[in-house]
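Chemist: Residue numbers (the numbering used here): 558 to 704.
In this text, a Cβ means the ideal position worked out from N, Cα and C, and glycines have one as well.
#1: Looking only at C-alpha atoms, which of 650, 629 and 635 sits nearest to residue 642?
#2: Should residue 672 go down as buried or exposed, given a rule of 16 or more other Cβ atoms within 10 Å for buried?
#3: Going by C-alpha distance, which of 675, 646 and 631 is nearest residue 640?
#4: Residue 530 by DSSP, collapsed to three states: which one?
#5: Going by DSSP, which residues form a beta bridge with residue 679?
#6: Nearest CA to the CA of residue 698: which residue from 627, 668, 662 and 579?
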């Protein structure tokens, strides 16, 4: 029947009864799972940044993430982090040499996160070290302002 209940019986003279359908409506489950997926997709990039810094703001469009990218963070006090581990002064070049190349033989994309209070010259020093190590694809990370 159109209401989702089946009738069982034997013709006109038989007993008629209603039995519930043995099907589960999965639409609400799918709706909840899609909402959770969207929430995780939005929050996952925010969880990656483990070193707290204050990024400069910009009105540029956000870029997508690539697999195998390397994140370098420059804190306000000048400390350099490769992913989440702090590096000693002068250690960046050695650690960059140990970064594995991609399947095509090219170095991975580097995302550079620098505190907005940091001296511009210090950012350029790190970018120079990246260039000497062969990393020519560098993305500068900023906060996107709502303007």
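Modeler: Let's see:
#1: 629
#2: buried
#3: 631
#4: The chain is shown from 558 up to 704; residue 530 falls before or after that span and cannot be answered.
#5: DSSP output for residue 679 lists no bridge partner at all.
#6: 668
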